[in-house]
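In this note's numbering, the protein residues as written are 1 to 215.
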Amino acid sequence: MSTTTTIHASSPLIKYSQHWSLNKSDGSMATNNAGASANLTFTGSSVRVFGTLPANNQQTIQPMSSYSLDGGLPVVFDASNFGEPSKVDNFAFYQSDPGLTNENHSLVITSIKDNANLILDNIIVISGAGSSSVPPVSPSITTTPLPPSTPSSPSPSASTIGSTSKINVGGIVGGIIAALVMLAGLVAFFLVRRRRNQRIAKRREATREFHFGHV
1 MSTTTTIHAS SPLIKYSQHW SLNKSDGSMA TNNAGASANL TFTGSSVRVF GTLPANNQQT
61 IQPMSSYSLD GGLPVVFDAS NFGEPSKVDN FAFYQSDPGL TNENHSLVIT SIKDNANLIL
121 DNIIVISGAG SSSVPPVSPS ITTTPLPPST PSSPSPSAST IGSTSKINVG GIVGGIIAAL
181 VMLAGLVAFF LVRRRRNQRI AKRREATREF HFGHV
């Protein structure tokens, strides 16, 4: 049997760094400083983070936040991917992957953008059952894993591969055309030479006949 626990953003269970402020009206926590973080240690098989999605307009800088579970690769939530005309409370910012074991875990939430108001509403932890039995939050959640910090050799792009193949094909076709032109030139040369030799032979024959006729 699973147990669902709702942890409000203002709960002392969540350890905040500097540059966070409490909204006393609803208990949410907010920051607009890049690098500000919140850390939650919990026991469970699933964790979900909910926050306030600001209205998507030109006056508002949309926040970005990263979520690292047990020191793993951070997953980024970018609010600009959602074109909501007005703000939405308790919007799902993060959900752990299926298969999380029901044991102690640590979740670190980090604000990425300066001057972008990141607001956390609450965190829901489900314990006592495998996360496979937990229904997903919403199909609208799209998260992007951050690339590893170690540099890697860039793989060739599709455009590079395509241009290379075009160059190879063009070179082959050009070579074939050049060979055909050269062959046609040789044939024309031999034909012209043959016709010239034939004319010279006819002139010599006519000259002989002329001399023989006047002897």
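Glycine included, C-beta positions come from ideal geometry on N, C-alpha and C.
A quick note: this is a predicted structure, and the numbers were derived from the prediction, not measured.
Separation of residue 83 from residue 143, as counted between CA atoms: With a pLDDT of only 46 at residue 143, under the threshold of 50, the placement of this residue in the model should not be trusted; the figure read from the coordinates follows. C-alpha separation (whole angstroms): 16 Å.
Other residues of its chain near residue 70: CB distance less than 7 Å, five sequence neighbours each side excluded: 105, 106
Bounding residues of the beta strand (DSSP E) (the contiguous stretch that carries residue 82): Counting along the chain, residue 82 falls outside any beta strand (DSSP E), and DSSP gives it neither H nor E.
For residue 1, three-class secondary structure by DSSP: coil
Cα-Cα separation, residue 100 to residue 81: 27 Å
Integer-rounded CB distance, given that residue 63 should sit under 8 Å from residue 118: 4 Å
Identified DSSP bridge partners for residue 15: 39
6 Å CB neighbourhood of residue 115 in its chain, flanking five on each side removed: Excluding sequence neighbours, residue 115 sits near 32, 61.
First through last residue of the beta strand (DSSP E) which encompasses residue 53: Where residue 53 is concerned, the enclosing beta strand (DSSP E) stretches over 46-53.
Residue 54 and residue 36 closer than 8 Å at C-beta: Not in contact: residue 54 and residue 36 (Cβ atoms no closer than 8 Å).
Residues near residue 49 in its chain [Cβ-Cβ closer than 6 Å; skip 5 each side]: 93, 94, 123
Assigned secondary structure, residue 95 (DSSP; H/G/I helix, E/B strand, else coil): strand
Nonlocal neighbours in the same chain, by C-beta distance under 7 Å from residue 137, ignoring five residues either side: Any reading at residue 137 needs caution, since the residue's pLDDT is 47, under 50, leaving its predicted position unreliable; the model's value is listed next. Scanning its chain for C-beta atoms nearer than 7 Å, with the 5 sequence neighbours on each side dropped, one finds around residue 137 the residues 48, 92, 95, in chain order.
In DSSP terms, what residue 104 is bridged to: 43
Between the CA atoms of residue 197 and residue 187 - distance to the nearest angstrom: Rounded to the nearest angstrom, the two C-alpha atoms are 15 Å apart.
Element boundaries [beta strand (DSSP E), containing residue 30]: 28-31
N-terminal and C-terminal residue of the beta strand (DSSP E) that residue 122 is part of: 118-127
Backbone secondary structure at residue 176 - three-state DSSP: DSSP places residue 176 in helix when its eight states are reduced to three.
Beta bridge counterpart(s) of residue 77 as assigned by DSSP: In the DSSP output, where bridge partners are listed per residue, residue 77 has 65.
Cβ distance (whole Å) where residue 34 is taken to contact residue 21 below 8 Å: No, residue 34 and residue 21 are not in contact; Cβ-Cβ is about 16 Å, not under 8 Å.
6 Å CB neighbourhood of residue 3 in its chain, flanking five on each side removed: 127, 128
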